[in-house]
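Everything below concerns the one structure shown next.
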C-alpha cells in the first residue's frame, strides 16, 4: 500500500512542479519570431532576443537554459539568425549565444552544460586586448550549423564557423573548432574524428 501512495505522490508532485514552466512556455510562445507546437521551457531560465528566434515543434529545454540572441552590443548592430528544428531537446545548464547565425536541425539531442557561441569578446587580432573583456566588441568568425540527428554529449563547447554533419556524435567535454563530417564520432580538444559511423 505504501508503494502505491508513493507512486501517486510522485506522479502528482512532478506534474504540479511543472505547472510554472508550462505557464512560462505558453507566455513565451507569442514572443518568438515563429514557434511550433509543444514548447516546454523549464524554469529557471534566461532568454533574451526571442523575437529573432524560430523554434520548431516539440522543443524542450531543461533548467537554467541561457539563450542570448543579440541585436546590438556596445553600440554595434547585428543581424542575428537563430533557428531550432523539430523534436530538439536541450538539457540543463546550457548556454547558446548568437550575433550571426546558429541553426540547429531536426531531432538534435543536446546534453547538459553545453556551450554554443558564434562569437567572441574582442577582435580576432587581439588589438583590443587592453580593454576589459566585457567592454570589448563582439566578433563572429562565422555561423554554427548543427545538422539533423546530431547528439552533443555533456560539457561540449562549440565555437564559431563550424558545421556538424548529420548523424554525428560529439563526445563529452569536446571543444569543436572545425567542421565535423556526417555520421562521425568526434572527441577531444580540439575535437577530432575517431570513427565514421556510415
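Residue numbers (my numbering): 1458 to 1655.
From the three backbone atoms N, C-alpha and C, an ideal C-beta is built for every residue, glycine too.
- In the structure shown, residue 1596 adopts extended strand secondary structure according to DSSP, grouped into three states.
- For residue 1539, the enclosing beta strand (DSSP E) covers residues 1538-1541.
- In this structure residue 1524 is buried. Its beta-carbon is surrounded by 16 or more other beta-carbon atoms within 10 angstroms.
- Residue 1488 and residue 1535 have their C-alpha atoms some 19 Å from each other.
- Pairing residue 1528 with residue 1509, the inter-Cα distance amounts to about 8 Å.
- The way I'd put it, the region 1543-1555 does touch the region 1568-1578; three or more beta-carbon pairs between them come closer than 8 Å.
- Membership of residue 1551 in any beta strand (DSSP E) is not indicated, and neither H nor E is assigned to it by DSSP.
- If you draw a 10 Å sphere on the C-beta of residue 1575, you find 16 or more other C-beta atoms in it, and that means buried.
- Excluding sequence positions up to five before and after residue 1563, its CB lies within less than 8 Å of the CB of 1513, 1542, 1543, 1544, 1545, 1605, 1606, all in the same chain and listed in chain order.
- For the pair residue 1647 and residue 1494, the Cα-to-Cα distance works out to about 37 Å.
- Per DSSP, reduced to three states, the secondary structure at residue 1508 is helical.
- Here the alpha carbon of residue 1522 sits roughly 21 Å from the alpha carbon of residue 1530.
- Counting along the chain, residue 1574 sits inside the beta strand (DSSP E) bounded by residues 1572-1574.
- When rounded, the separation of the alpha-carbon atoms in residue 1500 and residue 1519 is 8 Å.
- With a 10 Å radius around the Cβ and a threshold of 16 neighbouring Cβ atoms, residue 1584 comes out exposed.
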